[in-house]
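Letter 182 of the sequence shown, counting from 1, is numbered 209 in my numbering, and no numbers are missing. Have a look at the structure below, then the notes.
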Amino acid sequence: MAAHPIDYRYGSLEMREVWEEERRLGYYLKVEAALTNALARMGKIPKEAASEISLKADSKTVTLSRVREIEAETRHDVMAMVKALTEQCGDAGKFVHLTATSYDIVDTAQALQLGESLSLISQKSRKLLKTLLALSEKHKNLVMAGRTHGQHALPITLGFKFANYADKLGQDIANAEWDRDNLVVGKFSGAVGTYSAQKLLGISGTKLEGAVMAELGLKPASISTQVVGREGVARIVSDVAILASTLEQIAAEIRNLQRTEIAEVGEPFGKSQVGSSTMAQKRNPVDCENVCGNARVVRGCVAPALENIALEHERDLTNSAAERSILPTVFLLTDEMLERMERVLSGLAVFPERMERNLQLTHGAIMAEAVITELVKKGMGRQEAHEIMRLASHEAMAKETPLKDVLLSNAKVKAKFSSREIDALLDYRSYTGAAGEKVGEIAGKWNEFLKRGE
28 MAAHPIDYRY
38 GSLEMREVWE
48 EERRLGYYLK
58 VEAALTNALA
68 RMGKIPKEAA
78 SEISLKADSK
88 TVTLSRVREI
98 EAETRHDVMA
108 MVKALTEQCG
118 DAGKFVHLTA
128 TSYDIVDTAQ
138 ALQLGESLSL
148 ISQKSRKLLK
158 TLLALSEKHK
168 NLVMAGRTHG
178 QHALPITLGF
188 KFANYADKLG
198 QDIANAEWDR
208 DNLVVGKFSG
218 AVGTYSAQKL
228 LGISGTKLEG
238 AVMAELGLKP
248 ASISTQVVGR
258 EGVARIVSDV
268 AILASTLEQI
278 AAEIRNLQRT
288 EIAEVGEPFG
298 KSQVGSSTMA
308 QKRNPVDCEN
318 VCGNARVVRG
328 CVAPALENIA
338 LEHERDLTNS
348 AAERSILPTV
358 FLLTDEMLER
368 MERVLSGLAV
378 FPERMERNLQ
388 LTHGAIMAEA
398 VITELVKKGM
408 GRQEAHEIMR
418 LASHEAMAKE
428 TPLKDVLLSN
438 AKVKAKFSSR
448 EIDALLDYRS
458 YTGAAGEKVG
468 EIAGKWNEFL
478 KRGE
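The following block contains the structure:
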C-alpha cells in the first residue's frame, strides 16, 4: 500500500517509472550485461556466456521478489541481484560480476537514471519556456503596475514580466542540459578505483570501463574511488533545485496577482472545480500553491547532496540512504511542478481592466519618476524635484485626489509645465521604457535556443 505522496500523487508516470524499484533493478542488470559483453569482446569470457547473461539480465527473469528474498539473507542489495542473476544463467553464471565492485553497478545504473530524468526535465521545461515566450510576446504592450516591496513602483508590461521569467527558465534548462551531457558519468574502476582486478585479468581497466560506458551511452568518470565523486550529483541536485525555485517565483507571482484586492491574473479554474468545502465563492490558486510548497522540499534535498561529497577515505555508505530518498524526490517533484506550471500558464486568465483600475490607485503618483526627470530637464535640481514629488505624491494618495491637481497647486511646478504637459507626463502608457524591446530580445535569444535543441 502506498505511503508516500510520490507513490500516488506527484510526478508523471514516465518519471515515476525511472525511479521505481523494478526499473532500478533493470538498470543494475543492464549494467551487468554490458560488463559481460565488454569482457567477451576483450576475449576474457566466452561469447556464449556473455550472450546467456545478457539474455537473462532483465527484471522479468531476475525478479524483484527473488532479489528481495536473497537480500533478506545477505543484507546486500547488489549481491542479492548478482546471486539472482547467477542462478538464472547456468554455467555462464560463474562470469557474472567479474572484476566489478558493487558501486561499479550502482553508480553506473544511477547515471542512467539521472540521464533519463534530466532529459525529461529538459523536455518539459522547454515546453514551458515556449509557453512563457508566447505569453511575453502576446502581452508585451499590456501595461500594469510594477511593484517593489509590495508597493506600486513604476508601470511595467505583463509581457516584460514573463520575459524575465523566460530568461531565468532558459538558463536553468541550459544548465540542466549541460549537467546531463557533462556530469552524468559511470564507472568501472573496481573496489577502490585502481582497476586492480582488471589488471590481474590481463586487460586495461580504462579500456574495459570505456567499452562498458560506450554500450550504455555514458561517459566514464575521469577518475573514481570506489564511487564516482559526489560533486557532480550535488551540482545536478542544486541546478534542479534552482529550476524549481524559478518555477516557485512564477507561481508565487501568480498567487499574489490573483489576490482578491489585485485580481490581475488567475489560474485556470474548471467548470466543476471547488475552491473551498465551505466558502463557495473561493477560486484558490491551488496549482501555484502546490508548486511553492514542493519547491521547499526540493531545495531541502540540496543540503544532503552537498554533505554526501565528503565521504570517508575511498568511500563510506552514508551517501546511499540519502540518495535513495533525495534523488527520486527532487526529480518527481520537479516533474510535477513543471506539469502544473504548464497547465497554469497555458490557461492563464488575464484581466486588463483590473490592471487599468489598479494603475489608477495612486491617483497618478506611480508616475512620480517621470515628473522628477522632466523637472530636472527643465533646470530644477534633482533633489529638489524629488522632494516636491515626494510631498505631492503622498498628498495625492492621502487625500485621494489627482496628482495633477496637487502639482498645479505648486507654484514651482506650475511655472515649468502647462496642464497639457502634466497630462502627458502622467500617462502611464507612455512610460514603459524599453520593455517591448527587451521582450523581443529575450524572445529571440531563447527561441533560437529552442530551435537548436529540436
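From the three backbone atoms N, C-alpha and C, an ideal C-beta is built for every residue, glycine too.
Could you spell out where the alpha helix (DSSP H) holding residue 566 opens and where it closes? What is shown of the chain runs 28 to 481, which leaves residue 566 out entirely.
For residue 212, the residue or residues it bridges with in DSSP: BP columns for residue 212 point to 246.
Measure the C-alpha to C-alpha separation of residue 128 and residue 356 and round it to an integer number of angstroms. The alpha-carbon atoms of residue 128 and residue 356 are separated by roughly 27 angstroms.
According to DSSP, residues forming a beta bridge with residue 126: Paired residue(s): none; residue 126 is not in a bridge.
Give me, in chain order, the residues of the same chain whose beta-carbon lies closer than 7 angstroms to that of residue 312; leave out the 5 immediate sequence neighbours on both sides. Once the five neighbours on either side are set aside, the close Cβ partners of residue 312 are 281, 282, 285, 294.
Just the Cα atoms here: how many angstroms apart are residue 244 and residue 215? Distance between the alpha carbons of residue 244 and residue 215: 14 angstroms.
Residue(s) in a DSSP beta bridge with residue 175: Partner(s): 178.
Would you kindly check if the distance between the Cβ of residue 361 and the Cβ of residue 271 is under 7 angstroms? Annotated as proximal: residue 271 and residue 361, with beta-carbon spacing under 7 angstroms.
Does DSSP put residue 324 in a helix, a strand or coil? Per DSSP, reduced to three states, the secondary structure at residue 324 is helical.
Pairs of beta-carbons, one from the stretch 197-213 and one from the stretch 148-158, closer than 8 angstroms: are there three or more? Look at the beta carbons and you see the stretch 197-213 touching the stretch 148-158: at least three pairs across the two are nearer than 8 angstroms.
From residue 67 to residue 143, what distance separates their C-alpha atoms? Cα to Cα, the separation comes out at about 28 angstroms.
Of the residues 82, 279, 458, which one's Cα is nearest the Cα of residue 177? Per the Cα distances, 279.
So residue 248 packs on residue 333, CB below 8 angstroms; how close in whole Å? Going by Cβ atoms, the distance from residue 248 to residue 333 rounds to 19 angstroms, so no, they are not a contact pair.
In angstroms with no decimal places, state the Cα-to-Cα distance between residue 188 and residue 315. Their backbone Cα atoms lie some 17 angstroms apart in a straight line.
Classify residue 32 as buried or exposed, calling it buried when 16 or more other Cβ atoms lie within 10 Å of its own Cβ. With fewer than 16 other Cβ atoms within 10 Å, it is exposed.
Could you tell me the distance, in whole angstroms, from the CA atom of residue 49 to the CA atom of residue 41? Straight through space, the alpha carbons of residue 41 and residue 49 are spaced by roughly 14 angstroms.
Mind checking residue 234: buried by the 16 CB within 10 Å criterion, or exposed? The residue is exposed, with fewer than 16 neighbouring Cβ atoms inside 10 Å.
Cβ separation of residue 379 and residue 169, assumed to be a contact under 8 angstroms, to the nearest whole Å: Contact between residue 379 and residue 169 holds, since their C-beta atoms are separated by about 6 angstroms, short of 8 angstroms.
Give the straight-line distance between the Cα atoms of residue 365 and residue 274, rounded to the nearest whole angstrom. If you take the alpha carbons of residue 365 and residue 274, they lie about 7 angstroms apart.
Does DSSP classify residue 158 as helix, strand or coil? DSSP places residue 158 in the helix class (H, G or I) of the three-state scheme.
Close beta carbons around residue 394, own chain, < 7 angstroms, minus the five adjacent residues each side: Same-chain partners within the cutoff: 452, 453, 455, 458.
Buried or exposed: residue 3, going by 16 or more other Cβ atoms within 10 Å of its Cβ? In the structure as shown, the chain starts at 28 and stops at 481, and residue 3 therefore has no counterpart that could be examined.
Endpoints, the alpha helix (DSSP H) within which residue 21 is located: For the chain, the structure presents residues 28 to 481; residue 21 sits outside this window and is missing.
Give the straight-line distance between the Cα atoms of residue 69 and residue 120, rounded to the nearest whole angstrom. Taking the straight line from one Cα to the other gives about 18 angstroms.
Tell me whether the beta-carbon of residue 56 lies closer than 7 angstroms to the beta-carbon of residue 94. Inclusion of residue 56 and residue 94 in the CB contact set at 7 angstroms is not warranted, their separation being larger than that value.
Report, in whole angstroms, the separation of the C-beta atoms of residue 35 and residue 29, which I expect to be a contact under 8 angstroms. About 4 angstroms separates the two Cβ atoms, so the contact holds.
Spatial neighbours of residue 276 within its chain, please: CB distance less than 8 angstroms, with the 5 preceding and 5 following residues excluded, ordered by chain position. Around residue 276: 192, 195.
What would DSSP say about residue 461, mapped onto helix, strand or coil? The answer is coil: DSSP assigns residue 461 none of H, G, I, E or B.
For the alpha helix (DSSP H) holding residue 450, just list the boundary residues, first then last. Per DSSP, residue 450 belongs to the alpha helix (DSSP H) from 446-452.
Taking its Cβ as the centre, do 16 or more other Cβ atoms sit within 10 Å of residue 335, making it buried, or is it exposed? Result: buried.
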